[in-house]
Amino acid sequence: MSPRKRYWLMKSEPTDFSIDDLQRVGTEPWTGVRNYQARNFMRDGMKVGDGVLLYHSNCDVPGIYGVAEVVSTAYPDPSQFDKKSKYHDAKATREQPRWFLVDVGFVRKLATPIPLDTIRAHADALGEDFALIRKGTRLSVLPVSAAQWKTLLALP
DNA sequence: GCCAACGTTGGC
DNA sequence: GCCAACGTTGGC
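So, in C-alpha cells, the structure goes:
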C-alpha cells in the first residue's frame, strides 16, 4: 500500500521556464531551489506520482498555468557543484550536498489559467494554511492539501 | 523599476 | 546569539 498521494505548488518565472517549455521537454529537473524550506518539501515530502500545480510569477498575469507531477524522488541538484552555474554553492560538496531537486513531468496545460487575483478572491474557500496567499510567504515550493487542489482546479 | 517582506550572512 | 547589512522574491 503506497502512501497517500500529496499535492504541491511550484513556482517558476515563465521567461525562465514555462509550462510550454515543460510540455516540450516532458520532464525537467527542478533545478535552482535555494531555500531550505522549499528544499525540505522536495527532499522529505515529495513522492513519485504527487500532483504539482505549476505557478508562474513575475509575469503579466501571475497564476497557475498547468498541472505536472513528481516523477523522481529527490536527489542532489547538480548545479550546486557547477562553478559556472549561477546556482553554484561553494559550501556544498558531493559528500554533503546542500540542495536537492526532483524531476517534474508535464501533465497538462490549463485551458484557462487561474490568475492570482482569482485565487485571492477565493481565499476563504482555500483556508489560512494556503501558503501561496499567506502574507509574507515567498516559498517557491509549497504544499497544497487535497481539498485545496480540488478547489483550485474547480475555480471559475 | 520600485519596494515590502523575508532569508541569509557574518562581524562582534 | 544578536542584529545590521545585504540579497532575493515577486506583486505592482
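Quick note on this note's numbering: the first sequence kicks off at 71 and runs consecutively. All residues carry an ideal CB built from backbone N, CA and C; glycine is no exception.
In its chain, beyond the 5 residues on either side, G133, I134, L196, L202, I203, L222 and L225 have a beta carbon closer than 8 angstroms to the beta carbon of I189. Each of A162, K179 and D173 was checked against the Cα of E98, and the nearest Cα belongs to D173. Q150 counts as buried, since at least 16 other C-beta atoms from the protein chains shown sit within 10 angstroms of its C-beta.
Taking a C-beta distance under 8 angstroms as the contact criterion, V140 and D120 qualify as a contact pair. In this structure, the straight-line span from the alpha carbon of R76 to that of A216 is close to 7 angstroms. For A193, the number of other beta carbons within 10 angstroms of its own is below 16, and it is reported as exposed. Considering only W219, L209 and K220, the residue with the shortest C-alpha distance to M112 is L209. Closest in alpha carbon position to Y125, among Y157, K220, M116 and L186, is L186.
Assigned with DSSP and collapsed to three states, F176 falls in strand. CA-to-CA, the gap between P167 and P146 works out to about 6 angstroms.
Separation of the CB atoms of T101 and L171 is rounded to 6 angstroms, and the pair is thereby assigned contact status at 8 angstroms. In this structure, G175 lies near A138, with their beta-carbon atoms less than 8 angstroms apart. Judged by DSSP in its simplified three-state form, M116 adopts coil rather than helix or strand.
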